[in-house]
Every structure is written in structure tokens, then in C-alpha cells.
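There are 2 protein chains.
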Amino acid sequence: MITTLTSEERAQLAKILPEWRLAREKDALLRSFEFADFVAAFGFMTRVALLAEKMDHHPEWSNVYNRVEILLTTHDCNGLSARDVTLAQAIDHLLAP
Amino acid sequence: MITTLTSEERAQLAKILPEWRLAREKDALLRSFEFADFVAAFGFMTRVALLAEKMDHHPEWSNVYNRVEILLTTHDCNGLSARDVTLAQAIDHLLAP
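Here the protein sequences come in this chain order: A and B. Numbered per numbering that gives the first Met the number 0, the first sequence spans residues 0 to 96. Numbered per numbering that gives the first Met the number 0, the second sequence spans residues 0 to 96.
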């Protein structure tokens, strides 16, 4: 059973996911990305798509030219779960130098 | 120079792009798509991305699992132009049986 993060787990978020912030409109993680152009942005989206499909956990996301916004939440528990944290970390890892 | 559609051209939209509607918040075309699953939705997005890059005209779009929403507008003229109509038709063509 998937449960939402405890307050102890939430307290760790700023440390383990410093680039992500909490969404205001729902219990979710949010990060904005900016790339050189559309090809770079969509190339990144393709890598995230493969990751998401493999993890069977999918983002809510949007793209406008070189910008991508990713929102992570877990519908099964109607809020933020460990699955979102794991996917956010995996996405960060894609961009690690 | 890119210009926004004339009222005569706008009057044709319902006929040539029956699946698209006008956005309320800006001068843009909008269409929602629903697929069997994420793989089908992202596969479609990949085809649209290649099309958009080739036409050098890019959508504002979002995806949540099997749903894709595409908004087309032209920043160079701050509204709906012939480029949006051409891209919308090309997208429709991708889904033609």
C-alpha cells in the first residue's frame, strides 16, 4: 500500500531534493528546467519518459520550447509518496554533471 | 512577416480543424488527446516533436499519463497564425486512420 510521506520524511526533502519545491495547488513536488533549445528539452523529456515508464510512475508535465515543468504526485495515495522522491532523484541524476 | 489570422481565415477554422477549439485565455488553438496508456501518449508526443522541430514551430503542451493537451499559438505575432493551422493539420494527419 502506498502512503503519503510522513512529516519526518518531508523534513528531509529540502536536503535531498534541493532543486524541487512543494507545489501550492496540490501535495506534489515541482521543478522547472531550462535547456538551450527545444531539441535539448525534448531529449531530456524522452529520457524522463523512459525512466518513468520503467518505474511505472509518471509525471504531470508541460513543455514550452526550451522549458520543461515537472510535477510529481502519487494518485494512488492522493499526495506525495516515496515514489515521487525516487523519481525526482532519478530525474536529478539524469542532469548530474 | 508573420501576421495573425484574418476574420475570414478564422471563419474557416471550424471546417478545416473540427477537432480543435479556440483557447479562452489566449489567441490559440487547443486540442486534447487521449491514448491507451503513457507509452502511446509519449509515442505520439515524439512524433509531434519531430514534426514541430522540422517546421520550426513548437507547441505549448502538457501530458498526464495517457492524456496530452496541445496549445498552438505564434509568439512572433502574439496570436494565431497560419503556422498554427499548418501544424494543427499536420498533427491531425498523424492520427488519421
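Quick reminder that beta carbons are idealized off the backbone N, C-alpha and C, glycines included.
Given a cut-off of 7 Å on the beta-carbon distance, is the pair residue i and residue j in contact?
| i | j | result |
| --- | --- | --- |
| A:L50 | A:A87 | no |
| B:L79 | B:T3 | yes |
| A:L12 | A:R20 | no |
| A:S31 | A:E68 | yes |
| B:L93 | B:R46 | yes |
| A:N62 | A:A40 | yes |
| A:F37 | B:H74 | no |
Could you have a look at residue i and say whether DSSP puts it in helix, strand or coil?
| i | result |
| --- | --- |
| B:L71 | strand |
| A:R46 | helix |
| A:R23 | coil |
| A:T5 | coil |
| B:E33 | strand |
| A:E59 | strand |
| B:L79 | coil |
| A:L28 | strand |
Excluding the 5 residues flanking residue i on each side, which residues of the same chain have their C-beta closer than 6 Å to its C-beta?
| i | result |
| --- | --- |
| B:R66 | E33 |
| A:L16 | A87 |
| A:Y64 | F37 |
| A:E59 | L70 |
Any beta carbon of chain B sitting closer than 7 Å to that of residue i?
| i | result |
| --- | --- |
| A:N62 | yes |
| A:E59 | yes |
| A:A27 | no |
| A:A81 | no |
| A:A48 | yes |
Can a CB atom of chain A be found closer than 7 Å to the CB of residue i?
| i | result |
| --- | --- |
| B:E33 | no |
| B:F41 | yes |
For residue i, which residues of its own chain have a beta-carbon under 8 Å away from its beta-carbon, when the five flanking residues on both sides are left out?
| i | result |
| --- | --- |
| B:D26 | T3, T72, N77, G78 and L79 |
| B:M54 | R82, T85, L86 and A89 |
| A:F43 | F32, F34, V67, L93 and L94 |
| A:R23 | none |
| B:R9 | L79 |
To which residues of the same chain is residue i closer than 7 Å at the C-beta, ignoring the five residues directly before and after it?
| i | result |
| --- | --- |
| A:E18 | R30 and D91 |
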